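The structure appears below as structure tokens.
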Amino acid sequence: MANTKVAIIAANGTLFDAYKVFNLATAAAASDAEVGIFFTFEGLNLIHKEAHKNLPLPVGKEHFGEGFKQANVPSIEELAGIAQELGIRLIGCQMTMDVMNLEKDAFIDGIEVGGAATFMEYAKDADITLSF
Amino acid sequence: MSITVNETLDARGLACPMPIVKTKKAITNLQPGQVIEVQATDKGSAADIKAWASSTGHQYLGTIEKENVLKHYIRKATDEETKVETKHEEIINLEELRSKINGDESIIILDVRESAEFTFGHIDGAVNIPLGELDQRFSEIDKDKEINVICRTGNRSDLAAQKLTEKGFKNVKNVLPGMSKWEGPTEKVIKNY
Chain A
14 MANTKVAIIA ANGTLFDAYK VFNLATAAAA SDAEVGIFFT FEGLNLIHKE AHKNLPLPVG
74 KEHFGEGFKQ ANVPSIEELA GIAQELGIRL IGCQMTMDVM NLEKDAFIDG IEVGGAATFM
134 EYAKDADITL SF
Chain B
13 MSITVNETLD ARGLACPMPI VKTKKAITNL QPGQVIEVQA TDKGSAADIK AWASSTGHQY
73 LGTIEKENVL KHYIRKATDE ETKVETKHEE IINLEELRSK INGDESIIIL DVRESAEFTF
133 GHIDGAVNIP LGELDQRFSE IDKDKEINVI CRTGNRSDLA AQKLTEKGFK NVKNVLPGMS
193 KWEGPTEKVI KNY
């Protein structure tokens, strides 16, 4: 997948959403694709220093918590670190951060901050675009 | 008995996408042409490792399942495979080789691929001496017979054929293109593992 560009929008903040985003992103990057993720609205929780350590299961799906433990899936904190090691661009949405009154230092180190145009510029020639 | 590999990665107990992510990291440290064994218990890894190899250009050799552990074998990509220029003059194509195998003359088929590649499919009766071990193992080869050297695409066998000729072997042929295009019957030896 060298020369393949993947653009992902993460707009939701449950544990399910986080795995969808980070599993596909890291698998793509490990396959040599260029990957960028735009975190907006509740998706910002996925890269929030504290929130991403304890993301909620979707309402009514709390019983899956045990399954996550048994399947030995990596934590979201761990996956976010792996994503960065693999060179994935993590872009926080400036507008959402303003609305929620959050500063860049509330998020994990190494993220970029940008607006809708930043993501569009990145995604305009993407081969794969995913939205979660 | 085990398959000779350059690196073994223990990804047992890990869920998707970790086997892939760990394999990606581990293969970075290998030399082109070297072989890695990835041990995993994630059942999805069987399809994933194969797909990953195909998207990254590495060569997926095969998978052995033993005691609920999947052992995947991958050979790191090398540009040698894309070159088609060979130097050894005596060459033979696959069709000619097949008729020789079915003929009366006793010939040697010397397969110089890595042992893991050999394990997952080779011509019945072929002898495996990986190119990297050839210098130490000339004495195992009968000088009086015709030696047909084969690899995957004809490049390693070309180098091996040159080495054998330098060592005084007279009747050495490079089989072109190689196992990648071989359509005859193949043997596997995985039952031994």
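Chains as they are written, first to last, in the working numbering: chain A, 14 to 145; chain B, 13 to 205.
From the three backbone atoms N, C-alpha and C, an ideal C-beta is built for every residue, glycine too.
As the structure is a computational prediction, the values presented were derived from the model and not from experiment.
Please report whether the beta-carbon of residue i lies at a distance below 8 Å from any beta-carbon of chain A.
{"i": "leucine 26(B)", "result": "yes"}
{"i": "proline 44(B)", "result": "no"}
{"i": "lysine 36(B)", "result": "yes"}
{"i": "methionine 191(B)", "result": "no"}
{"i": "valine 33(B)", "result": "yes"}
{"i": "threonine 206(B)", "result": "Absent from the structure is residue 206(B), since the part of chain B shown begins at 13 and ends at 205."}
{"i": "tryptophan 194(B)", "result": "no"}
{"i": "proline 197(B)", "result": "no"}
{"i": "proline 29(B)", "result": "yes"}
Starting from residue i, trace the alpha helix (DSSP H) both ways and give me its first and last residue.
{"i": "alanine 38(B)", "result": "30-40"}
{"i": "aspartate 30(A)", "result": "28-43"}
{"i": "alanine 63(B)", "result": "57-68"}
{"i": "leucine 176(B)", "result": "167-178"}
{"i": "lysine 74(A)", "result": "Here lysine 74(A) belongs to no alpha helix (DSSP H), and DSSP marks it neither H nor E."}
{"i": "glutamine 97(A)", "result": "89-98"}
{"i": "alanine 136(A)", "result": "129-136"}
{"i": "phenylalanine 181(B)", "result": "Taken as a continuous stretch (DSSP letters only), phenylalanine 181(B) belongs to no alpha helix (DSSP H), as it is neither H nor E."}
Might you give, ordered along the chain, the residues of its own chain that have their beta carbon closer than 7 Å to the beta carbon of residue i, omitting 5 neighbours on each side?
{"i": "histidine 70(B)", "result": "Ile39, Ile86, Arg87, Lys88 and Ala89"}
{"i": "glutamate 90(A)", "result": "His65 and Lys66"}
{"i": "alanine 27(B)", "result": "Asp54"}
{"i": "isoleucine 121(A)", "result": "Ile60, Lys62 and Ala93"}
Between residue i and residue j, is the Cβ-Cβ spacing less than 8 Å?
{"i": "isoleucine 95(A)", "j": "glycine 49(A)", "result": "no"}
{"i": "aspartate 170(B)", "j": "lysine 55(B)", "result": "no"}
{"i": "glycine 144(B)", "j": "threonine 165(B)", "result": "no"}
{"i": "glycine 128(A)", "j": "glutamine 107(A)", "result": "yes"}
{"i": "isoleucine 159(B)", "j": "valine 184(B)", "result": "yes"}
{"i": "leucine 70(A)", "j": "threonine 27(A)", "result": "yes"}
{"i": "aspartate 68(B)", "j": "aspartate 45(A)", "result": "First, the residue type needs correcting, since residue 68(B) is threonine and not aspartate in the sequence shown. Yes, the Cβ-Cβ distance between threonine 68(B) and aspartate 45(A) is below 8 Å."}
{"i": "isoleucine 103(B)", "j": "leucine 188(B)", "result": "yes"}
{"i": "tryptophan 194(B)", "j": "isoleucine 135(B)", "result": "yes"}
Since residue i is in the beta strand (DSSP E), which residue starts that stretch and which ends it?
{"i": "lysine 78(B)", "result": "71-78"}
{"i": "alanine 23(A)", "result": "18-23"}
{"i": "phenylalanine 81(A)", "result": "From DSSP, phenylalanine 81(A) is part of no beta strand (DSSP E) but of the alpha helix (DSSP H) over 78-83."}
{"i": "aspartate 123(B)", "result": "119-123"}
{"i": "leucine 103(A)", "result": "102-106"}
{"i": "leucine 109(B)", "result": "From DSSP, leucine 109(B) is part of no beta strand (DSSP E) but of the alpha helix (DSSP H) over 106-114."}
{"i": "glutamate 49(B)", "result": "47-52"}
{"i": "serine 144(A)", "result": "141-144"}
Is there at least one Cβ from chain B nearer than 8 Å to residue i's Cβ?
{"i": "isoleucine 50(A)", "result": "no"}
{"i": "isoleucine 101(A)", "result": "no"}
{"i": "asparagine 16(A)", "result": "no"}
{"i": "alanine 40(A)", "result": "yes"}
{"i": "serine 44(A)", "result": "yes"}
{"i": "alanine 130(A)", "result": "no"}
{"i": "valine 86(A)", "result": "yes"}
{"i": "isoleucine 95(A)", "result": "yes"}
State the CB to CB distance for the pair residue i and residue j, rounded to an integer number of angstroms; the pair is presumed to be in contact (CB under 8 Å).
{"i": "glutamine 43(B)", "j": "lysine 83(B)", "result": "With a Cβ gap of about 21 Å, glutamine 43(B) and lysine 83(B) do not count as contacting."}
{"i": "threonine 20(B)", "j": "isoleucine 61(B)", "result": "Threonine 20(B) to isoleucine 61(B), Cβ: 14 Å. No contact."}
{"i": "leucine 146(B)", "j": "valine 124(B)", "result": "7 Å"}
{"i": "phenylalanine 132(B)", "j": "lysine 155(B)", "result": "Phenylalanine 132(B) to lysine 155(B), Cβ: 30 Å. No contact."}
{"i": "threonine 53(A)", "j": "threonine 109(A)", "result": "5 Å"}
{"i": "leucine 68(A)", "j": "alanine 20(A)", "result": "Incorrect: roughly 22 Å between the Cβ atoms, too far for contact."}
{"i": "alanine 38(A)", "j": "isoleucine 32(B)", "result": "So it is not a contact: roughly 12 Å between Cβ atoms."}
{"i": "serine 144(A)", "j": "alanine 42(A)", "result": "The pair is not a contact, with the Cβ atoms about 18 Å apart (cut-off 8 Å)."}
Within a Cβ cutoff of 6 Å, which residues of the same chain sit near residue i, ignoring the five residues on either side of it in sequence?
{"i": "phenylalanine 51(A)", "result": "Ile22, Ile104 and Phe132"}
{"i": "glutamine 97(A)", "result": "Gly123"}
{"i": "glutamate 126(B)", "result": "Val47 and Pro142"}
Just to confirm my understanding: we take residue i, look at its own chain, exclude 5 residues before and 5 after, and list those with CB closer than 8 Å. What are they?
{"i": "lysine 157(B)", "result": "Ser118, Ile119, Ile120 and Asn183"}
{"i": "arginine 24(B)", "result": "Gln51, Ala52, Thr53 and Val81"}
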